[in-house]
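Engineer: Going by the UniProt record's numbering, 36 is the number at position 36 of the sequence shown; the sequence numbering is gapless.
Ideal Cβ placement from N, Cα and C applies to all residues, glycine included.
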Amino acid sequence: MPDPFDPARLAPADFPPPTSPPRPRPGVKFLRGPIPLDWLTAAAALPGRALAVGLVVWFLAGCERRRTVAATLSRLAALGAGTRAAARRGLAALEAAGLVTVERHAGRAPVVTILDAPD
Numbered sequence: 001m002p003d004p005f006d007p008a009r010l011a012p013a014d015f016p017p018p019t020s021p022p023r024p025r026p027g028v029k030f031l032r033g034p035i036p037l038d039w040l041t042a043a044a045a046l047p048g049r050a051l052a053v054g055l056v057v058w059f060l061a062g063c064e065r066r067r068t069v070a071a072t073l074s075r076l077a078a079l080g081a082g083t084r085a086a087a088r089r090g091l092a093a094l095e096a097a098g099l100v101t102v103e104r105h106a107g108r109a110p111v112v113t114i115l116d117a118p119d
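Structure representation (structure tokens):
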């Protein structure tokens, strides 16, 4: 009589794929939301790396749980916003579109405040 607990006799179970979005594993960084879709749509319509810069600003705001963050250009660039020059141009584009305000002071990181998307 064959052993009923023989692992070779067990067929692999076919589980349906998960329907919920993936969740980050513990210790992995993630983008905190919700981010308004009209804000994302307005940022996506801007030229260059503006959307990438905007997502990094949202990431920093989620980490600090504040709407206003100090965003060094090197930190923006390191987190995927391109070069420091591209990050500077992206930040200027977001500011011109009314999605953020930026306070600039010589020798210090720009202070970025996320605004509600304009109508």
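(1) Grouping DSSP H, G and I as helix and E and B as strand, with all else coil, what is VAL53?
(2) Given a cut-off of 7 angstroms, decide if THR68 and THR113 are closer than it, judged by their beta-carbon atoms.
(3) If distances are taken between C-alpha atoms only, which option among PRO26, SER74, LEU60 comes closest to ILE35?
(4) Span of the alpha helix (DSSP H) holding ALA93?
(5) Could you tell me whether the Cβ atoms of LEU73 and ALA87 are closer together than 7 angstroms?
(6) Terminal residues of the continuous alpha helix (DSSP H) containing THR41?
(7) Quick check: VAL111 and ALA70, are their CB atoms within less than 7 angstroms of each other?
Structural biologist: Quick answer:
(1) Locating residue 53 in the sequence shown gives position 53, counting from the first residue. Of the three classes helix, strand and coil, the one that applies to VAL53 here is helix, per DSSP.
(2) Residue mapping note: residue 113 aligns to position 113 of the sequence shown, counting from 1. Residue mapping note: residue 68 aligns to position 68 of the sequence shown, counting from 1. It is a contact, given that the beta carbons lie within the stated cut-off.
(3) Position 35 of the sequence shown, counted from the start, is the residue given in the question as residue 35. It is LEU60 whose Cα lies nearest to the Cα of ILE35.
(4) Indexing the sequence shown from 1 puts residue 93 at position 93. Per DSSP, the unbroken alpha helix (DSSP H) holding ALA93 starts and ends at 84 to 96.
(5) Your numbering for residue 73 matches position 73 in the sequence shown. Your numbering for residue 87 matches position 87 in the sequence shown. Cβ distance < 7 angstroms, so LEU73 and ALA87 count as in contact.
(6) Counting from one through the sequence shown, the residue named residue 41 turns up at place 41. Start and end: 37 to 44.
(7) As a first step, residue 111 must be located in the sequence shown, where it is residue number 111. As a first step, residue 70 must be located in the sequence shown, where it is residue number 70. Yes. Within cutoff.
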